[in-house]
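**Q** Please see the structure below; I have some questions.
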Amino acid sequence: ATAADGTPLAYTLAGEGSPALVFIHGWMCDQSFWAAQVPAFAATHTVVTLDLAGHGHSGMERPGWPLMAFGTDVQAVVERLGLERVILVGHSMGGPVALEAARLMPERVIGVVAVDSLHNADLKYDPQQMAGLLAAFEQDFVATCGQFSSSMFVAGADPALVEQVTAAMCDGSPEIATALFRQFIDYDMGTALAAVTVPVRCINAAGYPTDLEVNRKYHPDFNAVIMDGVGHFLMMERPEEFNQHLAAAVAEIAGTSASR
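Okay, so the sequence shown: first residue is 23 according to the working numbering, each after it adds one.
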């Protein structure tokens, strides 16, 4: 597919069935992070995974890296495939990207499922802490990224999975990574939640508190389930349990939007 600004976008299509599920990866990840979900859901749904611009096999050239542009990436793939009833599933940074895409396609998107994302729309990051992390990224991206990614796993996590995720994330462009991180820090989640009209569900890890009350101020149709004992990459760490939660969220969203 081709993004609105001409950037080529890689995607993979599997299965058949409505609603279609479009999986959106997180910061410095790619569509391979959903490998445990594709076969589980392609038996009953059209399943799409994609690489956002600057990631995976998609184009690496773009005039700036505003987070909102990723919403148009998702839109380009959905429209290229002519999908009519879509649930967007976004991990980490992919959660905000899903909100942006849902806002752009109200006639197509029937729900959003965020994965360890959208925890607290009122959360403000400590400017000094973020400045230090950004400076470390700029000074030595590979080493800082390695520490950052491995810190998102719980004690006792599979070392092979930690190594796999770290290698994939830290092999990307330092310039793109840093630019995107700056965007994510300043993202106005409350405004984004308020701008969508479809159900928003989360499957989050317990490590980052999810504030239902705060998020429902911006979007009343918001809910979450929490998985204990997993880190940030819960769909890879305990895929069978995660897939059960995702199947329940998909069924609920599809049922409440049957008239669409």
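Here a beta-carbon is modelled for each residue, glycine too, at the ideal position from N, C-alpha and C.
Count the other CB atoms, across all protein chains shown, that sit within 10 Å of the CB of S281; report buried if there are 16 or more and exposed otherwise.
**A** Note that S281 scores a pLDDT of 39, beneath 50, so its modelled location is shaky and nothing firm can be said.
**Q** Would DSSP call L256 helix, strand or coil?
**A** Note: L256 maps to helix in three-state DSSP.
**Q** Who are the Cβ neighbours of T94 in its own chain at under 7 Å, not counting the five residues just before and after it?
**A** Cβ within range, chain order: A25, A26 and L126.
**Q** How is the beta strand (DSSP E) around N245 delimited, first residue to last?
**A** It spans F244 to M249 - the beta strand (DSSP E) in which N245 sits, taken as one unbroken run.
**Q** DSSP three-state label for N237, please.
**A** N237 falls in the helix class under three-state DSSP.
**Q** Three or more C-beta pairs closer than 8 Å, one from the stretch 246-259 and one from the stretch 128-138: is that the case here?
**A** A contact exists between the stretch 246-259 and the stretch 128-138.
**Q** Report the partner residues of P30 according to the DSSP bridge assignment.
**A** DSSP, once it has assigned bridges, lists T24 as partnering P30.
**Q** Quick one: using the 10 Å Cβ neighbour count with 16 as the cut-off for buried, is S114 buried or exposed?
**A** It counts as buried.
**Q** For the beta strand (DSSP E) that contains C224, what are its first and last residues?
**A** Taken as a continuous stretch (DSSP letters only), the beta strand (DSSP E) holding C224 covers V222 to A227.
**Q** Determine the closest residue to S54 out of T66, V44, T71 and G194, with distance taken between C-alpha atoms.
**A** Ranking the options by Cα distance to S54, first place goes to T71.
**Q** Given a threshold of 16 other Cβ atoms within 10 Å of its Cβ, counted over all protein chains shown, does L145 qualify as buried or as exposed?
**A** The residue is exposed, with fewer than 16 neighbouring Cβ atoms inside 10 Å.
**Q** Helix or strand or just coil, what does DSSP make of A269?
**A** Residue state, collapsed to three classes: helix.
**Q** How long is the line joining the alpha carbons of R84 and T213, rounded to whole angstroms?
**A** Using only the alpha carbons, I get a separation of about 25 Å.
**Q** State the beta-bridge partners of I109 as determined by DSSP.
**A** Partner(s): L43 and G133.
**Q** By a C-beta neighbour count over all protein chains shown, 10 Å radius and 16 as the cutoff for buried, is C167 buried or exposed?
**A** Buried, since its Cβ has 16 or more Cβ neighbours within 10 Å.
**Q** Which residues share a DSSP beta bridge with A36?
**A** For A36, which the question treats as bridged, DSSP gives the partners V69.
**Q** Between which residues of its own chain and Q169 is the CB-CB distance below 6 Å, once the five residues before and five after are set aside?
**A** Cβ neighbours of Q169 beyond the five flanking positions: none.
**Q** Mark D210 as exposed unless 16 or more other C-beta atoms lie within 10 angstroms of its C-beta, in which case mark it buried.
**A** Its Cβ having fewer than 16 others within 10 Å, D210 is exposed.
**Q** Buried or exposed for L234, please, with buried defined as at least 16 other CB atoms from any protein chain shown within 10 angstroms of its CB.
**A** With fewer than 16 other Cβ atoms within 10 Å, it is exposed.
**Q** Figure out for me which residue from A276, N226 and G277 has the closest Cα to the Cα of V11.
**A** The structure shown does not extend to residue 11, since the chain spans only 23 to 282, so no value can be given for it.
**Q** Which first and last residues belong to the alpha helix (DSSP H) in which A150 is found?
**A** Reading off the sequence, residue 150 comes out as Gln, not Ala. Counting along the chain, the alpha helix (DSSP H) containing Q150 begins and ends at P149 to Q161.
**Q** Pop quiz: A199 and M50 are said to be a contact at Cβ under 8 Å. What is the actual Cβ separation, rounded to whole angstroms?
**A** Correct: roughly 5 Å between the Cβ atoms.
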